[in-house]
DNA sequence: TTGACATCGTTGCCGATGCAACGGTATGAT
DNA sequence: ATCATACCGTTGCATCGGCAACGATGTCAA
């Protein structure tokens, strides 16, 4: 038999990504009790100032419903504030509360350290991986044309 | 702010893997109505002869329950046969039926073609990606020592 | 202004997923 | 032989994920 699952790129990619995500998720789950979508929303809010649900949905590769539910949980936890937009009342403006900002500051340190460890493991393969990932997502975009 | 989610490796890896898996899953879902775990079980059975649920669980990074349920569905579809092991009656021996073998032959062509397209998109970055993935999973193994 | 159409966020729904517990079986020490 | 222990596969359960439909709002043309 010629076909070998271990040589199949989608499979290997999936396994590697799951493993890495799992390891990192365990860290911030222990640190702050966050789920993956919650972490992503927080991380995105950490860089931008005020953002709508739709912005995150597009930007962070997360379904609208995920973002909405994550935002609700984060609001209940007092980490994120939800406000109506001034001119467009359809929009919901999300922003970090002071507590949310403080948490993100801690998590960012965690993330940087995690990535540093990862890069150390990768060694000189790190830039190659980065480049390959860029190409993958770029080629994926092409295949999802406008409906 | 220094932290940028787009530069964060676990995130980029996750996005790329999800995208690729999604594209490929769409293909064999259209071709044979398979889910991801079902595809993985079939693919594994395609290479080995007789395998137990546990073998697949370990080998294919799938929870025992997944494998069990996938195997049940595949059996109902007439693609996989389940037998008791000769000496160890705890084990369930899975093997492809002729129909399952025929389906896999078609799917393997599909998989090879998909991978070829992927490698073409990657160009000279393909070997680098392969190497980096190997290092990632290898370093991940270390961090999950025996309980 | 009015009406058709697009967009935004929420919610309901269903299948996928991971975890824990269970019955059944094998293994090893006493 | 007996008992404690470890292992295998299945099942139940809670959660996550994506998809579609909905109400509400905005936009544009006639």
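Residue numbers (the UniProt record's numbering), protein chains in the order written: chain A, 1 to 147; chain B, 1 to 147. Ideal placement from N, C-alpha and C gives every residue a C-beta, glycine not left out.
Assuming residue i contacts residue j (C-beta within less than 8 Å), just tell me the rounded distance between them.
i, j, result
"residue 52(B)", "residue 93(B)", "6 Å"
"residue 47(B)", "residue 4(A)", "6 Å"
"residue 74(B)", "residue 41(B)", "6 Å"
"residue 7(A)", "residue 137(B)", "14 Å between Cβ atoms; not a contact."
Tell whether a beta-carbon distance below 8 Å holds between residue i and residue j.
i, j, result
"residue 12(A)", "residue 125(B)", "no"
"residue 15(A)", "residue 61(B)", "yes"
"residue 45(B)", "residue 132(A)", "no"
"residue 55(A)", "residue 128(B)", "no"
"residue 17(B)", "residue 103(B)", "no"
"residue 34(B)", "residue 118(A)", "no"
Who are the near neighbours of residue i in its chain, counting only those whose CB is closer than 7 Å to its CB and skipping five residues on each side?
i, result
"residue 99(A)", "78 and 79"
"residue 71(B)", "41, 53, 80, 82 and 94"
"residue 39(B)", "28"
"residue 25(A)", "36"
"residue 145(A)", "Caution applies to residue 145(A), whose pLDDT of 43 falls short of 50 and renders its modelled position unreliable; the value that the coordinates give is listed next. Here the set comprises nothing."
"residue 91(B)", "52 and 85"
"residue 87(A)", "none"
"residue 59(B)", "44"
Assign residue i to one of three DSSP states: helix, strand, or coil.
i, result
"residue 145(A)", "Annotation note: pLDDT 43 at residue 145(A) (below 50); position unreliable, coordinate value reported separately. Here residue 145(A) sits in coil by DSSP."
"residue 4(B)", "coil"
With a CB to CB cut of under 6 Å and the five nearest residues on each side skipped, what residues in its chain are close to residue i?
i, result
"residue 57(A)", "64 and 67"
Who are the near neighbours of residue i in its chain, counting only those whose CB is closer than 8 Å to its CB and skipping five residues on each side?
i, result
"residue 147(A)", "In this prediction, residue 147(A) scores a pLDDT of 36, lower than 50, which makes its location untrustworthy; the coordinate-derived value is nonetheless stated afterwards. Here the set comprises nothing."
"residue 97(B)", "78, 79, 80 and 81"
"residue 21(B)", "36"
"residue 49(A)", "95"
### Task
Enumerate, from N- to C-terminal direction, the unbroken beta strand (DSSP E) stretches of 3 or more residues contained entirely within the UniProt domain "HTH marR-type" (6 to 138) of chain B.
Counting only runs of 3 or more, we get 80 to 84 and 92 to 96.
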